[in-house]
Amino acid sequence: MKLRVDPKQCISYGECVDFAPELFELDDVGTAFALNDGEVPPELEEKARQSVKVCPAGAISIEE
544 MKLRVDPKQC ISYGECVDFA PELFELDDVG TAFALNDGEV PPELEEKARQ SVKVCPAGAI
604 SIEE
């Protein structure tokens with residue numbers, strides 16, 4: 544499973560970082576990005592799925 548953040552859709556609310564700091568960070572301008580090149584460890588897959596719903600801009604997607 545891989546997480547993707549569309550930087551053009553991200554509006555820098557940081558909800559993903561608050562919800563799953565082990566999966567996301569914000570860059571210097573406040574745009575979210577997925578850690579570990581988007582690779583999700585098996586134990587965090589459910590949290591990754593939930594993070595898609597947390598993003599108010601719909602900028603997060605998952606590749607199975």
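According to the numbering used here, numbering within the sequence shown proceeds without interruption in unit steps and concludes at 607. Cβ coordinates follow ideal geometry from the N, Cα and C atoms, glycine included.
| query | result |
| --- | --- |
| Simplified DSSP assignment, three categories, for A575 | strand |
| Inter-residue CB distance, A591 and L566 (contact presumed, cutoff 8 Å) | 6 Å |
| Three-state secondary structure (DSSP) of S555 | coil |
| Residue range of the unbroken beta strand (DSSP E) whose run includes V583 | Taken as a continuous stretch (DSSP letters only), V583 belongs to no beta strand (DSSP E), as it is neither H nor E. |
| Through-space distance from V548 to E582, alpha-carbon basis | 12 Å |
| Which listed residue (I605, E607 and K551) has its alpha carbon closest to that of V572 | K551 |
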